[in-house]
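Asker:
Number of protein chains: 2
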Amino acid sequence: MLVVQKYGGTSVRDIERIMNVAKKTVEYKNKDNDIVVVVSAMAGETDRLLNIAHEIAKFPDDREMDVLISTGEQVTSALLAISLKEIGYDAVSVLGYQVRIVTDSSFGKARITDVEKEKIFAELKKGKIVVVPGFQGVDEDGNITTLGRGGSDTTAVALAAGLNADLCEIYTDVDGVYTTDPNICNRARRLDTISYDEMLEMASLGAKVLQTRSVELAKKYNVPILVKSSLVEGIGTLVCKEDMMSMEQVVISGVSYNKNEAKITVVNVPDKPGIAAKIFTALSDANIVVDVIVQNVSRGDFTDITFTIAKTDAKKAYKIMEEVAPGVGAEKVNIDNDIAKISIVGLGMRSHSGIASKMFSILAHEGVNIEAITTSEIKISCVIESKYGELAVRALHKGFGLDAEDVKEEK
Amino acid sequence: MLVVQKYGGTSVRDIERIMNVAKKTVEYKNKDNDIVVVVSAMAGETDRLLNIAHEIAKFPDDREMDVLISTGEQVTSALLAISLKEIGYDAVSVLGYQVRIVTDSSFGKARITDVEKEKIFAELKKGKIVVVPGFQGVDEDGNITTLGRGGSDTTAVALAAGLNADLCEIYTDVDGVYTTDPNICNRARRLDTISYDEMLEMASLGAKVLQTRSVELAKKYNVPILVKSSLVEGIGTLVCKEDMMSMEQVVISGVSYNKNEAKITVVNVPDKPGIAAKIFTALSDANIVVDVIVQNVSRGDFTDITFTIAKTDAKKAYKIMEEVAPGVGAEKVNIDNDIAKISIVGLGMRSHSGIASKMFSILAHEGVNIEAITTSEIKISCVIESKYGELAVRALHKGFGLDAEDVKEEK
Chain B
84 MLVVQKYGGT SVRDIERIMN VAKKTVEYKN KDNDIVVVVS AMAGETDRLL
134 NIAHEIAKFP DDREMDVLIS TGEQVTSALL AISLKEIGYD AVSVLGYQVR
184 IVTDSSFGKA RITDVEKEKI FAELKKGKIV VVPGFQGVDE DGNITTLGRG
234 GSDTTAVALA AGLNADLCEI YTDVDGVYTT DPNICNRARR LDTISYDEML
284 EMASLGAKVL QTRSVELAKK YNVPILVKSS LVEGIGTLVC KEDMMSMEQV
334 VISGVSYNKN EAKITVVNVP DKPGIAAKIF TALSDANIVV DVIVQNVSRG
384 DFTDITFTIA KTDAKKAYKI MEEVAPGVGA EKVNIDNDIA KISIVGLGMR
434 SHSGIASKMF SILAHEGVNI EAITTSEIKI SCVIESKYGE LAVRALHKGF
484 GLDAEDVKEE K
Chain V
84 MLVVQKYGGT SVRDIERIMN VAKKTVEYKN KDNDIVVVVS AMAGETDRLL
134 NIAHEIAKFP DDREMDVLIS TGEQVTSALL AISLKEIGYD AVSVLGYQVR
184 IVTDSSFGKA RITDVEKEKI FAELKKGKIV VVPGFQGVDE DGNITTLGRG
234 GSDTTAVALA AGLNADLCEI YTDVDGVYTT DPNICNRARR LDTISYDEML
284 EMASLGAKVL QTRSVELAKK YNVPILVKSS LVEGIGTLVC KEDMMSMEQV
334 VISGVSYNKN EAKITVVNVP DKPGIAAKIF TALSDANIVV DVIVQNVSRG
384 DFTDITFTIA KTDAKKAYKI MEEVAPGVGA EKVNIDNDIA KISIVGLGMR
434 SHSGIASKMF SILAHEGVNI EAITTSEIKI SCVIESKYGE LAVRALHKGF
484 GLDAEDVKEE K
C-alpha cells in the first residue's frame, strides 16, 4: 500500500516531536507500506521569518517571500530524514523543485498544476521513506512558490493524487472531525466518516481540521483522507466519497457555527436587472468575500438585499455600500455585527423531507428568531441573533439525534 | 563593469547590517555597474542549525545536512533581495540550483565543477541586482550540496570566474591583508596589493581573511580579488596576478606566524627508501594533515625525520608514531608542543639573494634558536621555541623594513 502522511506544525514543533513522527512513520513502513511524508514548518518558524521580512519592508516582494519562508519546511524535511536514518531507516528529503510539484507563478498563493512522480517512485523503489516539504512548489521558470497558509494539506493531497496513493493521512492536533464544536456542545461526537461535500459545507468545523482547498482537490481526484491526531491513538475520521460510506446514512452529520460574520442589508432597492451585480461587483473590487446572500421576493417594485461578510471586512463593506446605495436607488443600508450563522449539514437531507421545517421548529421552540435563511443541497443555514448561537447549536445537535451518550470529557 | 561582491556572516548578522549591505550594493549599481552579490548565512545561523541536527544524531546524514544548512544562505539572499527592492532597486535571488552552480556529490565539502551563466546574465540584462547564496551548489542529480566552511568566498570567486567578472570584492570584518598580525606587531601595515602566491603562502595571515581554496581558484582563473571591510571605508587589499602589481617589488610582503602546531621528531631512522612513505602513510590514514616536513642529510646510515602537525592532532600523531617507530627501525620519537612557526613571504626573494641569511641573523641577534627550517620559492619558515614567537615576528617585521611609520591604533 502507498500512503501519504502529513504532519502539521505542532506535530513537528521540536526535536522530540520530530522523533515521534519518525517513529509513527516507521510503524507503517514496517507493515510493508510505501510511505511519503509531508511536513510543515516547525510551529512558529513561518511567523518568525515573516516578522523578519516585515521589519525590512511593509510589503516585501512576493517572489522573495516564497524563497524565504519555504526554508521552514525545508529545515523540517531534513531533520525528519536525519531522524529516520538515526533510527535505522533509509530516508531522503525531496524538495518541491526536486519532486517537481509544478505550480503557477502566483507567489504566496500558488496553485498546483502538476505533480511529477518519477523521482519519488525511484526513491520508494530503493526502499526509502520519502520526506517532502509541504507548502512549496516550483513554477515553470524554476522559481520557488508557496501555496498559502495551510498549503501543506494541499501538498499531501496533491501528492496522493499524483502518485495514485491508497490513502492520505493528515495528522493534526485533534483526533478527527466532530458533529459540532466540542467547546460549545459537550455531547459532540467524532464522526467515523464524512463525505467530501459535507466536509466542504461544514466550513466552520472542517476548516479547523483540513484546509478547504485540500478537500476540493481530494474530491476531484477521489483521494480518501484520514484525519488523525499525532498525539493520541485513535481511528480518526475518514473523509471520502459518498459511496465509500456506510449504507444507512444518518440524515444530518453535523452542526456548524460561525460567529465571525456581520450582516449588511441594502434596504428597498428597485427590483430590476443589474442592481445585484452593481452591489457585489463593488465588493469584489475591494477584495471582500461575501458568504451568505439573500434576496427576498419583491414587495411591489422594491426588494431588500442581505449579505454577510467577515467581521473584519464589515466596516469597509458598509462604507462601500453607503457609496453604492444612492446610485442603485436604495433607501438605506443597515449593518448588524451581532449575528451568528448556524448550519446543519448532511447528505441525508437530499432524500429526507421535513429537515428544514424541523430545524426551524427547534429554533422556534427555543425562542430564537431567524433573520435570514439560505440553503444548498446538503446544508441549511440560518442567520440568528448572536447571543442565541451556542444555545441553538446545542438544541439542533440534540434535536437531530447527534448527541453522544456520554458527555465529552474536558480536555 | 561586472562586479561580484561577497558579504560574510558578520556583515549580514542582523537586519540593520543587511540594509547596510543593500546600500553599499546600490552605490556600485548607481555607477553603472552590473552587480552579483554573494551572501553568507546570518552570523550564528549555521551553528544553530548544526546544533539542532546534532541533538538528533551524532553523525547526521551528510546529504540531509546540506539540505538543512543551505537554508541559512537562502534566508539571507531573500532578505537582501527584499531590502534592495525596498530601497527602490530591482533585485532577484538566484539559488545554487537555479544558477546552476554545479558541484561533485561530496556533501558537506563539495567542489565546484561548473558555473552556468545564462540565468544570471538574463537577470542582469533586465537591470536587476542578482543575489546568490554562498556556500551552496547542486550536483548532477539535482541534490543540494555545500562547499564546506568558508565556502562563500569560493562561491564568489567561482561566479566571478564563470561570469568573467572584472572584479571580485570580498567584504569582511577587517580592512585588508596586513604585513603581519597587528595584535602582535603594532607597526603592521595594510598591503595595497598582494600576489595570489604570497597570499597562499601567508596562510596564518591570509586564512583569517580569505579561504585558501578561493585564492587557489582566483589564481587559476586570474580573478582579481579586492578584500575590504564592510564596516569602515577604505581601499582594501587587491589580491592579484604578479604582473598587475607595482613594478618595483618590495622583497618581503609579510611575516606570518603560527602557534597552533606541535613538532614530532622520529629519531635515528635508517636512511633507506620507503621509510618516509611508511611514516606519512600512517598519518594520512588517520586523516592527520602534516605541515612542515624536514629530513636532514644522514649521519652515516641514519637520519632524523621531523614534522609539524596541528596541536589538536598531536597526541594522536604521537601515538601512531610510537606504533610505527619500531617497524621502521627508529630509535625513539620526540614530541614538542612548545613551538612556533615564523615565516617570511615575498615574491622578491626569488630575485634577491641573502634573504635567508638575513632572516637567520635577525633571529640570532635576538637570541632565538632555530629548530628547523623549510623553504619554498617565496617563503622561508623557521620553527622556533614558542616563547620567542612574538619577539621574532616584531624583529623580522622591522628588520625587513615592513614597519609602518606610525604605530597602529588600538581597535
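Heads up: the protein sequence lines correspond to chains B and V, in order. Just so you know, this note's numbering puts 294 at position 211 of the first sequence, and the rest follows in order with no gaps. Just so you know, this note's numbering puts 362 at position 279 of the second sequence, and the rest follows in order with no gaps. Quick reminder that beta carbons are idealized off the backbone N, C-alpha and C, glycines included. Since the structure is predicted, the reported quantities are computational estimates derived from the model, not experimental observations.
Hey, Val-315 (chain V) and Asp-258 (chain V): beta-carbon distance below 9 Å or not?
Answerer: As a first step, residue 315 (chain V) is located in the second sequence; it is residue number 232 there, counting from the start. As a first step, residue 258 (chain V) is located in the second sequence; it is residue number 175 there, counting from the start. For Val-315 (chain V) and Asp-258 (chain V), yes; Cβs fall inside 9 Å.
Asker: Which same chain residues end up closer than 7 Å to Ser-367 (chain V) when comparing Cβ atoms and leaving out the 5 residues on each side of it in sequence?
Answerer: Residue numbering aside, residue 367 (chain V) sits at position 284 when the second sequence is read from its first letter. Cβ within range, chain order: n/a, list empty.
Asker: How about Val-120 (chain V) and Glu-281 (chain V): do their beta carbons lie closer than 9 Å?
Answerer: Here residue 120 (chain V) is taken as the residue at index 37 of the second sequence, counted from 1. Here residue 281 (chain V) is taken as the residue at index 198 of the second sequence, counted from 1. No. Outside cutoff.
Asker: How long is the line joining the alpha carbons of Pro-307 (chain B) and Ile-422 (chain B), rounded to whole angstroms?
Answerer: Translated into the one-based positions of the first sequence, residue 307 (chain B) becomes position 224. Translated into the one-based positions of the first sequence, residue 422 (chain B) becomes position 339. Roughly 35 Å between the two C-alpha positions.
Asker: Using the Cβ count rule (16 or more neighbours within 10 Å means buried), how would you classify Ala-360 (chain B)?
Answerer: Start at 1 with the first residue of the first sequence, and residue 360 (chain B) comes out as number 277. Flag for Ala-360 (chain B) reads exposed.
Asker: Do you know offhand how far Asp-130 (chain V)'s Cα is from Ser-153 (chain V)'s?
Answerer: The count along the second sequence starts at 1 and reaches residue 130 (chain V) at position 47. The count along the second sequence starts at 1 and reaches residue 153 (chain V) at position 70. Asp-130 (chain V) and Ser-153 (chain V): Cα-Cα distance of roughly 12 Å.
Asker: Count the other CB atoms within 10 Å of the CB of Val-95 (chain B); is the residue buried (16 or more) or exposed (fewer)?
Answerer: What you label residue 95 (chain B) is simply residue 12 of the first sequence in a count that begins at 1. Result: buried.
Asker: Give the residues of chain V in contact with Val-150 (chain B), contact being defined as C-beta atoms less than 8 Å apart.
Answerer: In the first sequence, the residue the question calls residue 150 (chain B) occupies position 67. Result: Gln-157, Ser-160, Ala-161, Ala-164, Ser-176 and Leu-178.
Asker: Excluding the 5 residues preceding and the 5 following Glu-156 (chain B) in the sequence, name in chain order all residues of the same chain whose CB lies nearer than 8 Å to its CB.
Answerer: Start at 1 with the first residue of the first sequence, and residue 156 (chain B) comes out as number 73. For Glu-156 (chain B), where only same-chain residues beyond five positions count, the Cβ hits under 8 Å are Val-122, Ser-123, Ala-124, Pro-216, Gly-217, Phe-218, Gln-219 and Ser-235.
Asker: Using 8 Å as the threshold, is the stretch 454-467 of chain B in touch with the stretch 193-212 of chain V, meaning 3 or more CB pairs across them?
Answerer: Counting Cβ pairs under 8 Å, fewer than three are found: no touch.
Asker: For the stretch 217-250 of chain V, which residues have a beta carbon sitting closer than 7 Å to at least one beta carbon of chain B?
Answerer: Cβ contacts with chain B come from Gly-225.
Asker: Look at Thr-237 (chain B) and Ser-297 (chain B) and say whether their C-beta atoms are less than 9 Å apart.
Answerer: Within the first sequence, residue 237 (chain B) is the residue found at index 154, counting from 1. Within the first sequence, residue 297 (chain B) is the residue found at index 214, counting from 1. Taking 9 Å as the Cβ cut-off, Thr-237 (chain B) and Ser-297 (chain B) qualify as a contacting pair.
Asker: Of all Cβ atoms in chain B, is any one closer than 9 Å to the Cβ of Glu-316 (chain V)?
Answerer: What you label residue 316 (chain V) is simply residue 233 of the second sequence in a count that begins at 1. Not one chain B Cβ lies under 9 Å of Glu-316 (chain V).
Asker: Put Lys-402 (chain V) into one of helix, strand or coil per three-state DSSP.
Answerer: As a working mapping, residue 402 (chain V) is identified with position 319 in the second sequence. Of the three classes helix, strand and coil, the one that applies to Lys-402 (chain V) here is helix, per DSSP.
Asker: Helix or strand or just coil, what does DSSP make of Gly-179 (chain V)?
Answerer: Taking the first residue of the second sequence as 1, we reach residue 179 (chain V) at position 96. In the structure shown, Gly-179 (chain V) sits in a helix (DSSP, three-state: H, G or I).
Asker: Got a sec? Which residues, its chain only, sit under 8 Å from Val-86 (chain B) by beta carbon, not counting five neighbours each side?
Answerer: Start at 1 with the first residue of the first sequence, and residue 86 (chain B) comes out as number 3. Hits under 8 Å: Tyr-111, Asn-116, Asp-117, Ile-118, Val-119, Ala-248, Asp-249, Leu-250, Cys-251 and Glu-252.
Asker: Would you check if the distance between the CB atom of Val-322 (chain V) and the CB atom of Ala-301 (chain V) is smaller than 9 Å?
Answerer: Position 239 of the second sequence, counted from the start, is the residue given in the question as residue 322 (chain V). Position 218 of the second sequence, counted from the start, is the residue given in the question as residue 301 (chain V). Their beta carbons are under 9 Å apart, which means Val-322 (chain V) touches Ala-301 (chain V) by this criterion.
Asker: Taking the beta strand (DSSP E) that Asp-489 (chain V) falls in, what are its first and last residues?
Answerer: Translated into the one-based positions of the second sequence, residue 489 (chain V) becomes position 406. Premise fails: Asp-489 (chain V) is in no beta strand (DSSP E) and is neither H nor E.
Asker: By the 10 Å Cβ neighbour count, where 16 or more other Cβ atoms means buried, how is Asp-144 (chain B) classified, buried or exposed?
Answerer: Reading the first sequence from its first residue, position 61 is the one you call residue 144 (chain B). Asp-144 (chain B) comes out buried.
Asker: Could you tell me the alpha carbon to alpha carbon distance between Pro-265 (chain B) and Ile-277 (chain B), rounded to whole angstroms?
Answerer: If you number the first sequence from 1, residue 265 (chain B) lands on position 182. If you number the first sequence from 1, residue 277 (chain B) lands on position 194. For Pro-265 (chain B) and Ile-277 (chain B), the distance between alpha carbons rounds to 17 Å.
Asker: Using the DSSP secondary-structure output, state which residues sit across from Cys-268 (chain B) in a beta bridge.
Answerer: Here residue 268 (chain B) corresponds to residue number 185 of the first sequence, with the count starting at 1. Answer is none; Cys-268 (chain B) lacks a bridge partner.
Asker: Alpha carbons only, please: which of V:Ser-313, V:Gly-191 and V:Cys-268 is nearest the one belonging to Gln-88 (chain V)?
Answerer: Taking the first residue of the second sequence as position 1, residue 88 (chain V) is located at position 5. Measuring from the Cα of Gln-88 (chain V), the nearest candidate turns out to be V:Ser-313.
Asker: So, is the C-beta of Glu-169 (chain B) closer than 9 Å to a C-beta in chain V?
Answerer: By one-based count along the first sequence, residue 169 (chain B) stands at place 86. At least one chain V Cβ lies under 9 Å of Glu-169 (chain B).
Asker: What separation, rounded to the nearest whole angstrom, lies between the Cα atoms of Gly-482 (chain B) and Ala-161 (chain B)?
Answerer: Position 399 of the first sequence holds residue 482 (chain B). Position 78 of the first sequence holds residue 161 (chain B). Each residue's Cα considered, the two are about 50 Å apart.
Asker: Assuming Val-352 (chain V) contacts Ile-392 (chain V) (C-beta within less than 8 Å), just tell me the rounded distance between them.
Answerer: Here residue 352 (chain V) is taken as the residue at index 269 of the second sequence, counted from 1. Here residue 392 (chain V) is taken as the residue at index 309 of the second sequence, counted from 1. Actually they do not touch by this definition, with Cβ atoms about 18 Å apart.
Asker: Would you check if the stretch 440-449 of chain V and the stretch 374-390 of chain V touch, i.e. whether three or more CB-CB distances between them fall below 8 Å?
Answerer: At 8 Å Cβ cutoff, the stretches do not touch.
Asker: Taking contact to mean 3 or more Cβ pairs, one atom from each stretch, closer than 8 Å, check whether the stretch 170-181 of chain B and the stretch 133-141 of chain B are in contact.
Answerer: At 8 Å Cβ cutoff, the stretches do not touch.
Asker: Return the chain-ordered list of same chain residues with a C-beta closer than 6 Å to the C-beta of Gly-233 (chain V), the five sequence neighbours on each side being excluded.
Answerer: One-based indexing of the second sequence puts residue 233 (chain V) at position 150. Counting only Cβ-Cβ distances below 6 Å, and skipping sequence neighbours, we find Gln-294.
Asker: Just checking: is the beta-carbon of Ile-101 (chain V) within a distance shorter than 9 Å of some beta-carbon in chain B?
Answerer: Residue numbering aside, residue 101 (chain V) sits at position 18 when the second sequence is read from its first letter. Yes - at least one Cβ of chain B is within 9 Å of the one on Ile-101 (chain V).
Asker: Looking at the structure shown, is Asp-149 (chain V) part of a helix, part of a strand, or coil, going by DSSP?
Answerer: Position 66 of the second sequence holds residue 149 (chain V). Helix.
Asker: Please indicate yes or no: does the CB of Ser-367 (chain B) lie closer than 8 Å to some heavy atom of the ligand MG?
Answerer: The ligand content of the structure shown is nil, which means the ligand MG is not present either.
Asker: Quick check on Ser-444 (chain B): does DSSP put it in helix, strand or coil?
Answerer: Position 361 of the first sequence, counted from the start, is the residue given in the question as residue 444 (chain B). In the structure shown, Ser-444 (chain B) sits in a helix (DSSP, three-state: H, G or I).
Asker: Is it the case that the Cβ atoms of Asn-452 (chain B) and Ala-345 (chain B) are separated by a distance below 9 Å?
Answerer: Within the first sequence, residue 452 (chain B) is the residue found at index 369, counting from 1. Within the first sequence, residue 345 (chain B) is the residue found at index 262, counting from 1. No.
Asker: With a cut-off of 9 Å, does the C-beta of Leu-133 (chain B) fall near any C-beta of chain D?
Answerer: Although the question refers to chain D, the structure presented lacks it and instead comprises the protein chains B and V.
Asker: Can you pull the chain B residues whose beta carbon is under 7 Å from the beta carbon of Asp-374 (chain V), in chain order?
Answerer: Counting from one through the second sequence, the residue named residue 374 (chain V) turns up at place 291. The premise fails here: Asp-374 (chain V) is roughly 35 Å from chain B at the closest Cβ pair, so nothing lies under 7 Å.
Asker: Measure the C-alpha to C-alpha separation of Val-474 (chain V) and Ile-267 (chain V) and round it to an integer number of angstroms.
Answerer: Taking the second sequence and counting its residues from 1, the one referred to as residue 474 (chain V) is at position 391. Taking the second sequence and counting its residues from 1, the one referred to as residue 267 (chain V) is at position 184. The question names Val, yet the displayed sequence has Leu at residue 474 (chain V). If I take the Cα positions, the gap works out to 9 Å.
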